[in-house]
Each structure stands twice: as C-alpha cells, then as structure tokens.
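Each remark here refers to the structure printed beneath this line.
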Ligand code: KG4
Ligand code: ZN
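Residue numbers (the working numbering): 17 to 358.
Okay, structure coming up:
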C-alpha cells in the first residue's frame, strides 16, 4: 500500500473488543461526524455477564450495518475515507478478530492506510472528545472500565506510561460482581450507583486496599469478598439485606481508593491535571469526589462526555488519527492481542 504523508482528513474508527459493535467517523482529527454503538448488553444480561462466543457471533451479524450507519450518518461513502483505525486489543479475541478482519478487508479493497489501536489508550484519549475542559499534557489518566483499572502518566497523544494497575478485579468488574451478589441485573455499575444514592455511605466499613509497596496498583477482590460475607451473614440471621446501604458503602470504598491514588500520582509527578475515562467514569459519586479532591490540590479534573465513557469507536478514530499522522500502520497480516503488551 502506498499512502501520502498528509494528515488523514477523514478517519473511520471500528471497535469490537467486548460486547459493543461500534463505528465512528472523525474529520480533521476533532469533529465527530457520527458515532454508532450497537450494544449487546440485553443479550448478555440474561446470563449475568458476557458470553464470549455469543459476543463474537453478534459482532459478525452487526458489523456491516453499524459501519454502514456510521458512514451514512456522516453523509459520506467509504470512498471519502482517508484512513481506518481499528481496536487491535486488549479484549476478547473472538470479538476483536471480527472488527480487525472487517477493517483489513475495507482497507485493502479501498487501498487505505490501516492502524491498530490499543483499547485502553483510546479510553485515555476519550477525554478529548466532547469534554467541557481538556487536560494539558502531561496529565495523570485513570482508566476505569469493566476490564481495566490503570493509572497512566500521559505525556502526549502517543506517549502514555503505565504507573499502576489492578492486581485482580477491575473497578467496573467489582461493581458487576457486587450487583450479582445482591441479585441486581448486569451490568452492575449503573444499578449499584443508582441504589447507592438512597443509601448510607458510612453504614459498613468495607476494606480499602492501599498497597503501600506499589502505591499506584489497585486491588478490589478483598472488597468484593467483604461485601459477600456481610450479605451472607445478614441472610443467615434471617434479616433483610439493606441493599442501598451496601451499595453506598461499597461504592464509597471504591471511590476513596480511585481518588486517593489518582491525586497522589498527580502530586508525585507534578502534573497540573487529572483525567478519568472508561465506563466507571460515568459514576456520579466518582465524578464529584474526584473533582473536589483534585480541586483542593489545585489540579484540573477532566472527564469525557458520558457518551464516550463506555465503549465507542469515536475514541478509536481519535487515537487512530494521531497514529496515522505518525505513520503507524499495520498490514493485512496483523494479529489481535488479548492483554496489554508488556
Ligand atoms: O468501558 P466499558 O464500557 O467497557 C470495558 O471496556 O470494560 O465499561 C463497562 C463497565 C461495566 O463494568 C459497568 O458496570 C461499568 O463500566 N459502569 C459503571 C457505571 N456505568 C458503567 N460503574 C459504576 N458506575 C456507573 N455509573
Ligand atoms: Zn472499554
């Protein structure tokens, strides 16, 4: 493939790393002309979590229509696209290969440059999409989703250094598991946070894993077990489980740790801003506490528009735009990856 060195004007982004089939069109590196997301959440809710085999099959069914809708909502055809960006990993392999294969076919048939985007980096950069304020480089970026809880020192669009990550469950996964313990539907984050609004945050003192040896790492499995034990104890005594109080006390334990570690990372590195992205970044309590604590330290605190917190392809197109500008392309033999490369 031969491609010019001019910045790509119109990028088609494709995302299929988990259970959302998404496509978006980005113009001039900043205007989102369309962002289409087909969620499978109702299908997986029946099973209480994502079933990988079903996820990949649903991507196969949806991918053509989703890409077609993104192009038509943007008012363009594939001929007008100047580059394609696709999520290459991390994620569910059976899901990733659907998006990557589709993107390869489109790129080869139209002789377009193709770039493979890291899903977590795309979440990090989603803070530049539709946000009220955007962080100046360098900043501390926290990605909190169903699969990841990671802190980055972000020095540029293509320069993010991992400072710490979860040793076990991701923050969103902890919300999902606590919902399951309480008999609430999947995904747990939105429903647990809604319940928490009516509950007492100080009713139960659940553990906060601070991990002094690796202060920027996270651990949420002990917290989840503590919630499980508390609920079982109350059930065995025949009492009613105070679901709103459990939710509020659990949420506060998660938020405490996320806020503390993010602000600490900012103070240690001397940056002026923090940014939070990923599905859990739509949590209202996290937004409030992070804004308060960061503000008290004189730090700017930024969140993406709520539409771009959960999985979407606009963030993939945005990351891809910067990668293509830097000449980072992949060929027709590219593979996907399930975890973050070391
Ligand atoms: O970023 P995302 O769409 O997918 C992954 O890349 O994992 O994040 C989904 C996760 C789920 O675990 C969901 O429960 C959580 O984000 N989530 C929330 C909220 N909304 C979604 N967690 C807490 N509070 C919320 N309001
Ligand atoms: Zn994600």
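Just so you know, even glycine gets a beta-carbon here, dropped at the ideal spot from N, CA and C.
In this text the structure is predicted, and so the values were computed from the model without any measurement.
Proximity of the beta carbon of residue 182 to the ligand ZN is not indicated: no heavy atom of the ligand is located closer than 8 Å. If only uninterrupted beta strand (DSSP E) runs of at least 3 residues are considered, those enclosed by the stretch 35-64 are 36-43 and 47-55. The C-beta of residue 104 has 16 or more other C-beta atoms within 10 Å across all chains shown, which makes the residue buried. Between the stretch 269-282 and the stretch 168-187 there are three or more C-beta pairs closer than 8 Å, enough to call the two in contact. At a Cβ-Cβ threshold of 9 Å, residue 28 and residue 94 count as neighbours. Looking from the CA of residue 98, the closest CA among 87, 318 and 108 belongs to 87. For residue 77, the three-state secondary structure derived from DSSP is helix.
Contact between residue 143 and residue 23 fails: their C-beta atoms lie close to 21 Å from each other, not under 8 Å. Ranked by how close their Cα comes to the Cα of residue 186, the residues 155, 39, 297 and 61 have 297 in first place.
The residue among 106, 159 and 119 with its C-alpha nearest the C-alpha of residue 135 is 106.
At least one heavy atom of the ligand KG4 sits closer than 8 Å to the Cβ of residue 135. Partner residues in the beta bridge of residue 177, as assigned by DSSP, are 169.
Here residue 133 is near residue 102, since their CB atoms are less than 9 Å apart. Residue 133 carries a strand assignment under DSSP once its states are collapsed to helix, strand and coil.
Residue 318 is bridged by DSSP to 291.
Relative to the Cα of residue 337, the nearest Cα in the group 138, 256, 248 and 250 belongs to 138. The three-state reading of DSSP puts residue 157 in strand, counting E and B together.
Residue environment analysis places residue 203 among the buried positions, since at least 16 neighbouring C-beta atoms fall within 10 angstroms of its C-beta. Residue range 26-31 is occupied by the beta strand (DSSP E) that includes residue 27, with no alpha helix (DSSP H) assigned at that position. The alpha-carbon of residue 43 is positioned some 11 Å away from that of residue 92. For residue 100, the pairing in a beta bridge is given by DSSP as 28 and 130.
Separation of the CB atoms of residue 260 and residue 214 is rounded to 4 Å, and the pair is thereby assigned contact status at 8 Å. Shortest gap from the CB of residue 299 to any heavy atom of the ligand KG4: under 8 Å. Under the three-state reduction of DSSP output, residue 230 falls in the coil class, being neither helix nor strand. In the DSSP assignment, residue 265 falls within the unbroken alpha helix (DSSP H) covering 259-285. Looking at the backbone, the Cα of residue 348 and that of residue 305 are separated by about 45 Å.
The distance from the Cβ of residue 162 to that of residue 192 is about 7 Å, consistent with a contact at the 8 Å cut-off. Taking all protein chains shown into account, residue 154 has 16 or more neighbouring C-beta atoms within 10 Å of its C-beta and is therefore buried.
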